[in-house]
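I have placed the structure first, in the form of structure tokens, so that the comments after it can refer back to it.
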Amino acid sequence: MTAPFIFNTVGSIVFGAGKAAEIGTLAEARGWRRLLLVTDPGLITVGLVDSCAASLTAASIEVTIFSDVVADPPEPVVQAATEAARAHGADAVIGFGGGSSLDTAKLVALLARSGEPLSEAYGIGNAKGPRLPLMLVPTTAGTGSEVTPISIVTTGTSEKLGVVSPLLVPDVALLDPELTYGLPPAVTAATGVDAMVHAIEAHASASANNNPVSRALACEALRLMGGALERAVHTGSDAGARADMLLGSMLAGQAFANSPVAAVHALAYPIGGHFHIPHGLSNALVLPHVLRFNAETAGAAYAGIAPLVFPKLAEIGTQGRAAAFADELQALSIRCGLPPRLRDVDIPEEALEMMADDAMKQTRLLVNNPRPVTRADAQAIYRAAW
Ligand SMILES: [Fe+2]
577 MTAPFIFNTV GSIVFGAGKA AEIGTLAEAR GWRRLLLVTD PGLITVGLVD SCAASLTAAS
637 IEVTIFSDVV ADPPEPVVQA ATEAARAHGA DAVIGFGGGS SLDTAKLVAL LARSGEPLSE
697 AYGIGNAKGP RLPLMLVPTT AGTGSEVTPI SIVTTGTSEK LGVVSPLLVP DVALLDPELT
757 YGLPPAVTAA TGVDAMVHAI EAHASASANN NPVSRALACE ALRLMGGALE RAVHTGSDAG
817 ARADMLLGSM LAGQAFANSP VAAVHALAYP IGGHFHIPHG LSNALVLPHV LRFNAETAGA
877 AYAGIAPLVF PKLAEIGTQG RAAAFADELQ ALSIRCGLPP RLRDVDIPEE ALEMMADDAM
937 KQTRLLVNNP RPVTRADAQA IYRAAW
């Protein structure tokens with residue numbers, strides 16, 4: 577019998593090549609008149625924001641662009657963007673970019689309207705709201721932030737805190753694969769592996785809210801991305817591969833928004849926090865090793881999804897399939913040009929102890945892992961990955 581569960585998601589999904597040019601019409605239809613558009617300076621430089629801004633202006637919408645978002649956004653960036661929204665008298669917020677821009681936009685919509693301090697919103701279910709209307713437009717196929725209730729903020733030098741609240745799920749997710757055509761291979765590979773990890777961890781999550789909707793979405797996400805990742809990396813202009821990656825990453829985002837991720841992410845965060853390794857690459861570096869560790873308890877779950885990514889694994893008996901899945905994912909990362917070992921990204925062996933200590937602090941994630949992780953386990957996984 578299906579256990580009780582809750583599944584929350586975005587109110588409206590608009591998907592299609594060229595749809596970003598319709599952003600003005602979409603905003604106008606919702607009665608938005610004064611917008612803050614939150615993005616990063618790189619997207620301004622490459623001209624990706626231009627057609628969106630033109631579409632909004634053509635719809636007689638007053639737009640102010642905040643383009644100071646940086647990777648792993650620190651608190652002052654969130655606060656400056658919130659001030660910009662207030663100064664403009666924004667009646668809605670659009671996030672445009674990678675996960676950092678979308679995470680920032682979510683918090684701006686919350687803080688600019690509710691007035692609550694960011695420090696009191698951290699944690700699960702602590703945000704009070706209400707928030708301003710919110711549209712999110714991803715330009716990478718990875719984080720799934722456009723459909724998740726999570727924003728991650730860097731506090732101090734390296735620590736990260738999350739705001740987790742259904743209030744952060746936007747009103748509209750606008751997905752235009754054309755926005756991802758120019759992503760460099762390394763970014764396509766790292767963000768793509770991150771999205772696959774979201775689906776894998778959501779499917780096998782030990783969360784009490786692991787549910788059949790999330791598992792179905794995770795399966796479809798893995799089928800789409802398994803067939804598309806290498807093509808998207810090696811031929812960035814492959815429209816079909818880019819569309820499958822963007823759709824797959826969004827489905828994976830919906831999956832883990834309701835059946836949360838686990839030890840791969842818990843062990844990835846110290847890598848990103850201390851060594852400024854991009855989030856997706858951090859995940860890729862520990863992924864096969866966490867899967868091998870988890871296979872003892874999650875072997876059946878992995879055996880079920882492995883052929884969706886690698887159809888040839890259907891020919892292997894279910895006993896050996898989880899191990900083969902980990903091997904194939906490691907080989908896929910290498911074929912996509914990602915460095916395979918922690919030492920390859922200049923992480924010193926002496927850092928593994930400290931990273932294991934830090935990983936154990938990620939209790940929000942570790943609690944969802946299908947096999948309990950001790951500090952000694954975390955250290956052994958890092959050592960295998962080194
Ligand atoms: Fe992730």
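Just add 576 to wherever you are in the sequence shown, counting from 1, and you've got our numbering. Where is the CB? At the ideal position from N, CA and C, for every residue including glycine.
DSSP places residue 588 in the strand class (E or B) of the three-state scheme.
Pairing residue 947 with residue 629, the inter-Cα distance amounts to about 47 Å.
The beta carbon of residue 645 lies closer than 7 Å to those of 614, 615, 616, 653, 673, 676, 677, 680 in the same chain, with the five residues before and after it left out. Note that the segment 591-598 touches the segment 746-758; at least 3 beta-carbon pairs, one per stretch, sit closer than 8 Å. The residue among 736, 639, 651 with its C-alpha nearest the C-alpha of residue 663 is 639.
In this structure, residue 859 has its CB closer than 7 Å to one or more heavy atoms of ligand 1.
Relative to ligand 1, the beta carbon of residue 648 is positioned no closer than 7 Å to any heavy atom.
With a minimum length of 3 residues, the unbroken runs of beta strand (DSSP E) contained wholly in the segment 631-714 fall at 638-642, 668-673, 710-714.
Under the Cβ criterion (8 Å, minimum of three pairs), the segment 911-923 does not count as touching the segment 933-946.
Boundaries of the beta strand (DSSP E) harbouring residue 726: 726-731, taken from the DSSP string. Residue 685 sits close to residue 710, with the two beta carbons spaced by under 8 Å. Shown here for residue 585: same chain residues with a beta carbon closer than 8 Å to its own, the five before and five after excluded, namely 723, 745, 830, 833, 834 in chain order. Look at the beta carbons and you see the segment 897-904 touching the segment 856-871: at least three pairs across the two are nearer than 8 Å.
Residue 708 sits close to residue 669, with the two beta carbons spaced by under 8 Å.
Here residue 718 has 767, 770, 771, 825, 856 as same chain residues with Cβ atoms under 6 Å from its own Cβ, once five neighbours each way along the sequence are excluded. Shortest gap from the CB of residue 719 to any heavy atom of ligand 1: under 7 Å.
At least 8 Å separates the beta-carbon of residue 878 from that of residue 817. Here residue 622 is exposed. Its C-beta has fewer than 16 other C-beta atoms within 10 Å. Within the chosen limit of 7 Å, ligand 1 reaches the beta carbon of residue 770 through at least one heavy atom. Under DSSP, residue 888 takes part in no beta bridge, so it has no partner. Relative to the non-hydrogen atoms of ligand 1, the Cβ of residue 810 never comes closer than 7 Å to any of them.
Excluding the 5 residues flanking it on each side, residue 650 has same chain C-beta neighbours closer than 6 Å at 730, in chain order. In this structure, the C-beta of residue 779 stays at least 7 Å away from each heavy atom of ligand 1. Between the beta-carbon of residue 610 and that of residue 665 there is about 5 Å, and that keeps the pair under the 8 Å contact cut.
Minimum Cα-Cα distance from residue 889 among the listed residues 599, 696, 785, 802 corresponds to 802.
With a threshold of 7 Å, the Cβ atom of residue 763 does not count as near ligand 1, since no heavy atom of the ligand is closer than that. A distance of 8 Å or more separates the beta carbons of residue 842 and residue 774.
Under the 10 Å beta carbon count, residue 920 is surrounded by fewer than 16 other beta carbons and is classified as exposed. For residue 664, the Cβ stays outside the 7 Å cut-off from all heavy atoms of ligand 1.
If you draw a straight line from the Cα of residue 760 to the Cα of residue 809, it comes to about 8 Å.
A residue is called buried when at least 16 other Cβ atoms come within 10 angstroms of its Cβ; residue 952 does not meet this threshold and is exposed. Burial of residue 859 is indicated by the presence of at least 16 other C-beta atoms within 10 angstroms of its C-beta.
With a threshold of 7 Å, the Cβ atom of residue 862 does not count as near ligand 1, since no heavy atom of the ligand is closer than that. A residue is called buried when at least 16 other Cβ atoms come within 10 angstroms of its Cβ; residue 934 meets this threshold and is buried. For the set 782, 682, 695, the Cα lying nearest the Cα of residue 747 is the one of 682. Residue environment analysis places residue 917 among the exposed positions, since fewer than 16 neighbouring C-beta atoms fall within 10 angstroms of its C-beta.
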